[in-house]
Amino acid sequence: MASFENNFDVIVVGAGTGGAIAARFAAQNGLRVCLIERKPATLTPEKICGDAIGSEVFDMLGVAHPNGKELSCHIKGVKLYPPDLKNPLTMIHSKFAGYVVDRLSFGQRLLKEALDAGVSRFLAKTMALDLIYEGDSVAGVRARLGNGDQVELKAKIVIDGSGLYSALRRKIKSKKVENHFEKEDAVLCYREIVHFPTKAQKVKNPEYITIILDKDRAPGGYVWYFPKNDHALNIGLGVYMDYKGSLKNFYRKHAFDVFIETDQVEILSSGGGVVPVRRPLWSCADHGIMFIGDAAFHVNPLHGGGIDPSMRAGYHAAMTAVKAVKKNDCSLNSLWDYNVAVMRSFGAEFAGLDVLRRVMQSFVNDDLNFGLGKRLLSADEILGIANDGSIRLSSWDLAKKAYRGIGRPRFLLIMNYLRARMNAVVRLYHNFPGTPDMQAFEIWKRKVIREYDKTEKLRVKVEARKQPKKYKSNV
Ligand SMILES: Cc1cc2nc3c(=O)[nH]c(=O)nc-3n(C[C@H](O)[C@H](O)[C@H](O)COP(=O)(O)OP(=O)(O)OC[C@H]3O[C@@H](n4cnc5c(N)ncnc54)[C@H](O)[C@@H]3O)c2cc1C
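Last residue of the sequence shown: 497 (my numbering), numbering continuous.
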């Protein structure tokens, strides 16, 4: 192993949206930062993605909004379609308004801002391989440089933003951080960027991102149709991870052929990827290390949006690192604050949405047509869910729902029970232990597991129902 002189306050692994923000805020606040990325600098962080991001996070972090080459288009809101494609829910709210970006240009700007903020060393084409431990604390990473040399990079704190398949998470010794994930907690996606060369062919609803829930076209996920401009769009679908066969052919049949309606197209980019869709890691930190973004399952379980939370997590991790280094205590005692920030902000929302996602994945198309068509889940509720993952309804709202759902009382009961479970989980996450008291943490975990067990029972019940007589596949 080649010798490599170094000693940093923080090593950030991965220069994706999470890693770039973490490196930027750590460097800006005076830490010596080493940022490592396996791709070449000019291709970081090219990624197969839907490219949609809300505007809130930019104001929250004081980061410039997408502009110029990196901005594909502005988005007013979301149109959510049931499988029968009738009567979509239109949601216009600051939570959903934002941008579709050119992923590479956007990521290149975030990377440049991190380097300009004073990152001490940026190592592109460098692959993190393993964690270095001193006692029970992480003290750096083993990495392979672009020239093939292996090096030991030392730091007080490692921030891992290397994505869902993080090699480092798999090497963690502590049981507080799960190092594997279940297949049902991720969704396999395929997408293309499609351009209409003739001016006659235009993108539909160019001010909205469109989501189509359909158990046949996208089992376990959804079809998306996101504008890039009037003549180009990002279209794709997500399915269960255990899907067997050619996902590209499946996408062609159930998304492209259905929604593109012309052969006169240019395909500008195509490819697949995997999105985690579950609540965050039990603990996103351990002694000397914090996990951010996809590496910590910081992705909205309902729509798979992970750019915004990766940036928020990167910010919280950096600010926690700044305090820990100043105190000269980089143990879990200091880094626990990062857990608290994540769990009580978007972690609570995502845990509630994870409950909803699990049960919704068991619905059949008829349920989705009925639930959305009769507005048993209204735009306001979805906005409420998007705000903190819970649903609060007045007695009047409940009475209105009971009337609308009169033909399907069992479905109404399922929805009410589901609401109660979501609210209970969100409450638990808002009460995430404020200090690293392991006994309190274990008690908290047991309570969350109990709620998820109830959700699992509900899911099994929903799946065990006979398919409603009316149910007919659309496809
Ligand atoms: C098909 C698809 C569509 C999506 N659509 C959307 C969307 O429309 N909106 C949205 O908000 N989110 C979307 N997402 C999710 C979003 O892309 C991710 O949640 C987000 O990119 C997470 O950012 P990150 O920084 O955590 O990880 P990543 O962006 O995955 O970045 C990880 C970085 O780490 C590097 N790396 C990996 N391993 C190592 C290693 N060992 N050593 C060094 N470097 C390493 C990688 O090269 C990469 O640059 C989508 C995802 C997919 C797959």
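From the three backbone atoms N, C-alpha and C, an ideal C-beta is built for every residue, glycine too.
As the structure is a computational prediction, the values presented were derived from the model and not from experiment.
Next on the checklist: Do L357 and A317 have their beta-carbon atoms positioned less than 8 Å apart in this structure?
Outcome noted: Result no, Cβ atoms of A317 and L357 do not sit closer than 8 Å.
Checklist entry - Which same chain residues, not among the five before or five after K98, have their C-beta less than 7 Å away from its C-beta? => result Within its own chain, the residues whose Cβ lies closer than 7 Å to the Cβ of K98, once the five positions on either side in sequence are excluded, are I114, A119, E229, Y230, listed in chain order.
Item to check | Same chain, Cβ closer than 7 Å to E485, neighbours up to 5 away in sequence not counted | outcome: Excluding five sequence positions before and after E485, the CB atoms of its chain that fall closer than 7 Å to its own CB belong to S384, given in chain order.
Item to check | Between the CA atoms of R481 and Y439 - distance to the nearest angstrom | outcome: If you take the alpha carbons of Y439 and R481, they lie about 11 Å apart.
Item to check | Burial state of I289, where buried means 16 or more other Cβ atoms lie within 10 Å | outcome: Burial call: exposed.
Item to check | Alpha-carbon to alpha-carbon, G242 and R164 | outcome: Going by the C-alpha atoms only, they are around 37 Å apart.
Item to check | Inter-residue Cα distance where the pair is K492 and A49 | outcome: Its pLDDT being 44, under 50, K492 is placed unreliably in this model, and the value from its coordinates should be taken loosely. A straight-line Cα-Cα distance of about 60 Å links K492 and A49.
Item to check | Among G185, W246, A446, nearest to S535 - alpha-carbon criterion | outcome: The shown model of the chain, from 23 to 497, leaves out residue 535, and the question about it has no answer.
Item to check | C-alpha gap between K178 and F203, whole angstroms | outcome: So the two alpha carbons sit approximately 27 Å from each other.
Next on the checklist: For a cutoff of 8 Å on Cβ pairs, would you count R380 as touching chain B?
Outcome noted: Absent here is chain B; the protein component of the structure consists of one chain.
Item to check | Option nearest N109 by Cα separation, candidates R60, D279, S196, T232 | outcome: Among R60, D279, S196, T232, the Cα nearest to that of N109 belongs to T232.
Checklist entry - Would you report the Cα separation of V386 and H325, rounded to the nearest angstrom? => result In this structure, the alpha-carbon of V386 lies about 18 Å from that of H325.
Next on the checklist: Please classify Q130 as buried or exposed, where buried requires at least 16 neighbouring CB atoms within 10 angstroms.
Outcome noted: Classification for Q130: buried.
Item to check | P67 beta carbon near ligand 1 (any heavy atom closer than 7 Å) | outcome: Under cutoff, so the answer is yes.
Next on the checklist: If contacts are defined as beta-carbon pairs under 8 Å, then D122 and F248 qualify, I think. What distance do you get, rounded to the angstrom?
Outcome noted: A small correction: the amino acid at residue 122 is Val; Asp does not occupy that position in the sequence shown. With a Cβ gap of about 5 Å, V122 and F248 count as contacting.
Checklist entry - Bridge partners of R166, per DSSP? => result Answer by DSSP bridge pairing, in chain order: M149, Q172.
Checklist entry - Roughly how many whole angstroms lie between the Cα atoms of V79 and R334? => result Straight-line Cα distance between these residues: approximately 7 Å.
Item to check | Terminal residues of the alpha helix (DSSP H) in which R449 lies | outcome: Counted as a single uninterrupted DSSP element, the alpha helix (DSSP H) harbouring R449 occupies residues 431 to 452.
Checklist entry - With a cut-off of 8 Å, do at least 3 Cβ pairs link the region 347 to 354 to the region 74 to 93? => result Here the region 347 to 354 makes no contact with the region 74 to 93; the two share fewer than three CB pairs at distances below 8 Å.
Next on the checklist: According to DSSP, simplified to helix, strand and coil, what is I282?
Outcome noted: The three-state reading of DSSP puts I282 in coil, since its state is none of H, G, I, E or B.
Checklist entry - Just to check, is the beta-carbon of S127 closer than 7 Å to a non-hydrogen atom of ligand 1? => result S127: no, Cβ never under 7 Å from ligand 1.
Checklist entry - Just checking my contact of M437 with L390 at CB under 8 Å: how many whole Å lie between their CB atoms? => result Not really, about 12 Å apart at Cβ, beyond 8 Å.
Next on the checklist: Are the CB atoms of G260 and V209 within a distance shorter than 8 Å?
Outcome noted: It is a contact, given that the beta carbons lie within the stated cut-off.
Next on the checklist: Quick check: what's the CA-CA separation for I311 versus L435?
Outcome noted: Cα to Cα, I311 sits roughly 44 Å from L435.
Checklist entry - Under a Cβ-count criterion, where at least 16 other Cβ atoms within 10 Å of its own Cβ denotes burial, should E283 be classed as buried or exposed? => result By the neighbour-count rule (16 or more Cβ atoms within 10 Å), E283 is not buried but exposed.
Checklist entry - Pairing CB atoms from the region 209 to 219 with CB atoms from the region 290 to 303, are three or more of them under 8 Å? => result Here the region 209 to 219 makes contact with the region 290 to 303; the two share three or more CB pairs at distances below 8 Å.
Item to check | DSSP three-state assignment for S495, whether helix, strand or coil | outcome: Only weak support exists for where S495 lies, its pLDDT of 37 falling under 50; the coordinates are left without a value.
Item to check | For Q223 and G456, the rounded distance between their alpha carbons | outcome: Note on geometry: alpha-carbon atoms of G456 and Q223 lie some 55 Å from one another.
Checklist entry - Which stretch, first to last residue, makes up the beta strand (DSSP E) that contains A74? => result Looking at the DSSP string, the run of the beta strand (DSSP E) that includes A74 is 74 to 76.
Checklist entry - Around the Cβ of K442, are there at least 16 other Cβ atoms within 10 angstroms (buried) or fewer (exposed)? => result First, the amino acid is wrong: residue 442 is Ala here, not Lys. The residue in question, A442, is exposed, as its Cβ has fewer than 16 Cβ neighbours within 10 Å.
Checklist entry - Can V141 and G162 be called in contact, C-beta distance under 8 Å? => result For V141 and G162, no; Cβs fall outside 8 Å.
Next on the checklist: For a test of your reading of the model: does the CB of T284 fall under 7 Å from any non-hydrogen atom of ligand 1? Yes or no.
Outcome noted: In terms of side-chain proximity, the C-beta atom of T284 is found no nearer than 7 Å to any non-hydrogen atom of ligand 1.
Item to check | CA-to-CA distance, V377 to K479, given in whole angstroms | outcome: Those two C-alpha atoms are separated by around 12 Å.
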